């Protein structure tokens, strides 16, 4: 059992008369797929260098656009104010209004029951 775990045992299908290696020992050999040898026959590997001045051109164009923008001289108050003035008040007291609405409905139902009982 230990020999199987360690891969020591040689099976008949793995054994070849000319070769003394098993499939496991063949798979242990390192295969460098990304290895690029440097030799005179192959030539030197040239990596493309990134274009660095593209960023500078983009920044320069953004700066030119920022300089061309004219500031607003007058501010119209209607554009700054929200369309519904009390939107934040409604949002803040919404829970209280729901609670009050439930109590109101309960009281109305109780009053109707009292009138029907009389």
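In our numbering, the protein residues as written are 603 to 720. Think of the CB as a built atom: it goes at the ideal place given N, C-alpha and C, for glycine as much as any other residue. Given the structure is predicted, the values throughout are model-derived calculations rather than measurements.
With a CB to CB cut of under 7 Å and the five nearest residues on each side skipped, what residues in its chain are close to residue 615? Unreliable positioning characterises residue 615 in this predicted model, as indicated by a pLDDT of 49, which lies under 50. The coordinate reading is nonetheless provided below. Hits under 7 Å: none found.
Alpha helix (DSSP H) runs contained entirely in the stretch 641-699, provided each spans 4 or more residues: Look at the stretch 641-699 and you find these whole runs of alpha helix (DSSP H), each 4 residues long or longer: 655-670, 679-682.
Residue 719 versus residue 692 - alpha carbon distance: Residue 719 and residue 692: Cα-Cα distance of roughly 39 Å.
For a test of the three-state rule: what should DSSP assign to residue 635, helix, strand or coil? Shown here, residue 635 sits in coil according to DSSP, grouped into three states, outside any helix or strand.
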